[in-house]
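Enquirer: One structure, pasted below without further comment.
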Amino acid sequence: MYVMNIYEMFIENVPWPIWIEDLESRSIFLNNEYKKRFIKKSNKTDENILNEQLLNKYKEEAKKKVLLGEVVSKECFVDDKFMKYYVIPLEGENKIVKAIAGVIIDITNSEEEALKLNNKKGILSTIIDSLPESIFYKNNKLQFIGFNKSFEDFFIKRGIKEIKGKNDFELGFNDDIASEFVRQDKEVMKEKKMKYFEVSINDSENKRIEEILKVPVINDNGNVLGIVGLSRDVTEKKLLEEKLRYLSYTDALTGLYNRSSFEEKIKELDYSEYLPLGIIMGDVNGLKLVNDTIGHLEGDKLLISISEVLKQVCKDIGYIFRWGGDEFIILLPNHNEKQCEGIIKEIIIQCKNHKYDFIQLSMALGNVIRESLKEDIYHCIRLVEERVYSKKLLESKSIKSSILNSFKKSLEFKSIETEAHTKRVIKYSTEIGKRLNFTLSQLEELTLVAQFHEIGKIGIKKEILLKQGALTKDEIEIMKTHVEKGYRIINAANELSHIANSVLTHHERWDGMGYPLGLKEKEIPLMARIVAIADSYDVMVMGRTYKKAIKKEEAVKKLKAEAGVKFDPEVVSVFLEYIKSN
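Each residue of the sequence shown is one higher than the one before, counting from 11 in the numbering used here.
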């Protein structure tokens, strides 16, 4: 009896409406919550609101199933609330239904939460599908169970439409790649932690690098249910990283290692197994002269040519670095003094054999050997720098002379300043000098001015020097710069610096209308005035690619006409006497 009362108390006080009715739909019992929510009091009788809104609507359908012993559940709206009700058969002996009970649960809030959750899932799914990265889920049998659109599209493009339930071996990867993916998965599941992987993949489409993040899915019991993965193509990123790494350790002009990579390399070579370590330093001859006279672009070509020689000789036996503007260092593991000297000789030979438009390639070279790890590598470098500097000082005169001769030959090759023309200008100039009672030393100086007066044309483009027809205004201005270029070249050779002013001013005019300084009359150095007449006469009688030769008589008339205007009248008179006598 006490137990029965407990049951009744429980049913009366639960927060859900409960009712019991007989098979004729007559109410037998309504609990307090039911009465509170669905019984409307009136003067005459109590009105069962629920019967009108809910039970009558589903009565016949529910009754049929309940009489067969089934529990019926329905969801519907009542008074703007979302309800779920259960209709339960109450069976007696022999499983015969004696009455029907019902319970009603307000699931409005639960349904709203479910709807929110579904919305969140929908939003999350949309976001995941819009990501460019491939996202996938594998079960612990390593079969693909779920994936986003990017992952699916990747395989559809490759003709694979069925993905779900398949493993890596069944999705078209070669065995090596598929085996690598499986190895990664097993590692993640075994260690139960997130891991990054990088894989190079070659397929019929292209070669690419994939970066893959794999995360184990673990339940409350610590069991691994599967793996969530995110994969993205990082090929461009890796190529950019490689390019940046290359640029950070490579000299952009020559393609050799730069000074930053030198610091790294000496750390790598700081072990006894690389001893003796040969260190060769080279300083390029003539770079400043080329830069100042022909231009920095041509100077760059000179450095590139030198680097090509060094690669040819040393690329398979050592490491070549551009140390500074015109300096290079070569590190040679396991090379002794004799071997380094042999390499220096080979560099010198290859420099002579290498074709370069303007000067013969040459370097001041020196070497030092690091015999022990106790020797400071930077002390070795300072030592070899001193040796190269000393060598450069000793060879300076011959080097500059060689460079000047190279310039002269290059000029003869690229333009109309032939050796024959130069010889004639020297002859005409010295004949004038003799008639002006020049001393022997003055005649020697005059010969040098005549020999090198047009050396600056080495810095003028061949297209302008050999142009058929008249030069444009801009081309004329470019051509005029040859006197300044020649001045710098001559000044670079100390033994010729005394003729630099004459080379600079040989295009000045007697009337002050020449260039580059606008000097007039005797402001112009005498040797420059002499060479100007000798050069002009030879051009007139021998011709140029852009100008036909004229007869000597015509040339003489022109010189007479330009005496006192373009040329020194006294020097013209002396020269014409020579022409007349010859």
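The beta carbon of each residue, even a glycine, is placed where N, CA and C say it ideally should be.
These figures come from a predicted structure and were not determined experimentally.
(1) At the level of alpha carbons, what is the spacing between Val13 and Glu34?
(2) Measuring alpha carbon to alpha carbon, tell me which of Asn268, Ser315, Val575 and Glu208 ends up nearest Lys247.
(3) Can you tell me the Cβ-Cβ gap for Glu143 and Ser83, rounded? I've got them flagged as a contact below 8 Å.
(4) For Arg269, which option in Phe179, Val435, Gly175 and Ile340 has the closest C-alpha, if you only look at C-alpha atoms?
(5) Whose C-alpha, out of Ala542, Lys298, Ile21 and Leu40, is nearest the C-alpha of Arg519?
(6) Would Val192 pass as a contact of Asn177 if the rule is Cβ separation under 9 Å?
(7) Within 10 angstroms of its Cβ, does Ile137 collect 16 or more other Cβ (buried), or is it exposed?
(8) Look up Pro226 in the DSSP assignment and give the residues it is bridged to.
(9) From Phe577 to Gly524, what distance separates their C-alpha atoms?
(10) Closer than 8 Å by C-beta to Gly334: which residues in its own chain qualify, once you throw out the five before and the five after it? Chain order, please.
(11) Quick one, are the C-beta atoms of Leu297 and Gly305 less than 9 Å apart?
(12) What number of angstroms, rounded off, separates the C-alpha of Met11 from the C-alpha of Val234?
(13) Tell me where the alpha helix (DSSP H) around Leu287 begins and ends.
(14) Starting from Phe161, trace the alpha helix (DSSP H) in both directions and tell me its first and last residue.
(15) Within this structure, are the beta carbons of Leu458 and Leu506 separated by less than 9 Å?
(16) What number of angstroms, rounded off, separates the C-alpha of Ser451 from the C-alpha of Ile442?
(17) How many Å lie between Leu527 and Val493 at the Cα?
(18) When you compare only the Cα positions, how much space is there between Lys275 and Tyr281?
(19) With H, G and I counted as helix, E and B as strand and the rest as coil, what does DSSP make of Ala573?
(20) Would you call the segment 374-382 in contact with the segment 345-352, where contact means no fewer than 3 C-beta pairs closer than 8 Å?
(21) For His508, count neighbouring Cβ atoms within 10 angstroms of its own Cβ and tell me buried if that reaches 16, exposed if not.
(22) Using 8 Å for Cβ pairs, my map puts Asn344 next to Tyr267. What's the rounded Cβ distance?
(23) Grab me the residues of Leu40's own chain with a C-beta within less than 6 Å of its C-beta, minus the 5 sequence neighbours each way, in chain order.
(24) Residue range of the alpha helix (DSSP H) that Leu78 falls in?
(25) Excluding the 5 residues preceding and the 5 following Cys6 in the sequence, name in chain order all residues of the same chain whose CB lies nearer than 6 Å to its CB.
(26) Met6 and Glu587 look like a contact to me (Cβ under 8 Å); what is the Cβ gap, rounded to whole Å?
(27) Return the chain-ordered list of same chain residues with a C-beta closer than 8 Å to the C-beta of Val102, the five sequence neighbours on each side being excluded.
(28) Suppose the cutoff is 7 Å on Cβ atoms and the five residues either side in sequence are ignored; what does the same chain contact list for Phe161 look like?
(29) Pro579 by DSSP, collapsed to three states: which one?
(30) Hey, quick one: how far does the beta strand (DSSP E) through Val244 stretch, first residue to last?
(31) Please report the distance separating the alpha-carbon of Ile398 from that of Glu251.
(32) Are Ile474 and Met489 closer than 9 Å when you measure CB to CB?
(33) Determine the contact status of Thr303 and Gly522, defining contact as a CB-CB distance below 9 Å.
(34) DSSP three-state call for Asn212: helix, strand or coil?
Expert: Answer, in terms of the structure:
(1) For the purposes of this step, residue 13 is taken as the residue at position 3 of the sequence shown. For the purposes of this step, residue 34 is taken as the residue at position 24 of the sequence shown. Bear in mind that a pLDDT of 49 at Val13, under 50, signals an unreliable position, so the number given afterwards is only what the model happens to contain. Those two C-alpha atoms are separated by around 29 Å.
(2) Here residue 247 refers to the residue found at position 237 when the sequence shown is read from its first residue. Of the candidates Asn268, Ser315, Val575 and Glu208, the one whose C-alpha sits nearest the C-alpha of Lys247 is Glu208.
(3) If you number the sequence shown from 1, residue 143 lands on position 133. If you number the sequence shown from 1, residue 83 lands on position 73. Not confirmed; about 43 Å, so no contact.
(4) In the sequence shown, the residue the question calls residue 269 occupies position 259. Residue Ile340 is the option with its Cα nearest to Arg269.
(5) As a working mapping, residue 519 is identified with position 509 in the sequence shown. The residue with the shortest Cα to Cα distance from Arg519 is Ala542.
(6) Working through the sequence shown from its first residue, we reach residue 192 at position 182. Working through the sequence shown from its first residue, we reach residue 177 at position 167. Result yes, Cβ atoms of Val192 and Asn177 sit closer than 9 Å.
(7) Against the sequence shown, residue 137 aligns to sequence position 127. By the 10 Å Cβ count, Ile137 comes out exposed.
(8) For the purposes of this step, residue 226 is identified with residue 216 of the sequence shown, where counting begins at 1. DSSP lists Ile237 as partners of Pro226.
(9) Sequence index remark: in the sequence shown, residue 577 carries index 567 (1-based). Sequence index remark: in the sequence shown, residue 524 carries index 514 (1-based). When rounded, the distance between both Cα atoms is 10 Å.
(10) Start at 1 with the first residue of the sequence shown, and residue 334 comes out as number 324. Arg269.
(11) What you label residue 297 is simply residue 287 of the sequence shown in a count that begins at 1. What you label residue 305 is simply residue 295 of the sequence shown in a count that begins at 1. Taking 9 Å as the Cβ cut-off, Leu297 and Gly305 do not qualify as a contacting pair.
(12) Position 1 of the sequence shown, counted from the start, is the residue given in the question as residue 11. Position 224 of the sequence shown, counted from the start, is the residue given in the question as residue 234. Bear in mind that the predicted position of Met11 carries a pLDDT of just 46, short of 50, making it unreliable; the figure below should be weighed with that in mind. Their backbone Cα atoms lie some 53 Å apart in a straight line.
(13) Locating residue 287 in the sequence shown gives position 277, where the first residue counts as 1. Note, Leu287: premise wrong, no alpha helix (DSSP H); beta strand (DSSP E) at Leu287 to Val294.
(14) Position 151 of the sequence shown holds residue 161. Run containing Phe161: Lys159 to Ile166, per the alpha helix (DSSP H) assignment.
(15) By one-based count along the sequence shown, residue 458 stands at place 448. By one-based count along the sequence shown, residue 506 stands at place 496. Contact: yes.
(16) Sequence index remark: in the sequence shown, residue 451 carries index 441 (1-based). Sequence index remark: in the sequence shown, residue 442 carries index 432 (1-based). When rounded, the distance between both Cα atoms is 15 Å.
(17) The count along the sequence shown starts at 1 and reaches residue 527 at position 517. The count along the sequence shown starts at 1 and reaches residue 493 at position 483. For Leu527 and Val493, the distance between alpha carbons rounds to 11 Å.
(18) The sequence position of residue 275 within the sequence shown is 265, counting from 1. The sequence position of residue 281 within the sequence shown is 271, counting from 1. Computed Cα separation, rounded: 11 Å.
(19) Translated into positions along the sequence shown, residue 573 becomes position 563. Looking at Ala573 - three-state DSSP - the assignment turns out to be strand.
(20) yes
(21) As a position in the sequence shown, residue 508 is number 498, starting the count at 1. So His508 counts as exposed.
(22) As a working note, residue 344 is residue 334 in the sequence shown. As a working note, residue 267 is residue 257 in the sequence shown. Actually they do not touch by this definition, with Cβ atoms about 19 Å apart.
(23) Sequence index remark: in the sequence shown, residue 40 carries index 30 (1-based). Cβ within range, chain order: Trp29.
(24) To locate residue 78, count along the sequence shown from 1; it is residue 68. Unbroken run through Leu78: none, as it is neither H nor E.
(25) The first residue shown for the chain is 11 and the last is 592, placing residue 6 beyond what the model contains.
(26) The requested residue 6 is not part of the displayed model; the chain covers only 11 to 592.
(27) The residue given as residue 102 occupies position 92 in the sequence shown. The amino acid at residue 102 is misidentified as Val; the sequence shows Gly. So the qualifying residues of the chain are Lys108.
(28) Within the sequence shown, the letter at position 151 stands for residue 161. So the qualifying residues of the chain are Ser144, Ile145 and Phe146.
(29) In the sequence shown, the residue the question calls residue 579 occupies position 569. Here Pro579 sits in helix by DSSP.
(30) By one-based count along the sequence shown, residue 244 stands at place 234. Run containing Val244: none; DSSP gives neither H nor E here.
(31) For this step, residue 398 is matched to residue 388 along the sequence shown. For this step, residue 251 is matched to residue 241 along the sequence shown. One point to set straight first is that residue 398 is Val, not Ile, in the sequence displayed. One C-alpha to the other measures close to 37 Å.
(32) For the purposes of this step, residue 474 is identified with residue 464 of the sequence shown, where counting begins at 1. For the purposes of this step, residue 489 is identified with residue 479 of the sequence shown, where counting begins at 1. In contact: Ile474 and Met489 (Cβ atoms closer than 9 Å).
(33) Within the sequence shown, residue 303 is the residue found at index 293, counting from 1. Within the sequence shown, residue 522 is the residue found at index 512, counting from 1. No.
(34) As a position in the sequence shown, residue 212 is number 202, starting the count at 1. Strand, per DSSP.
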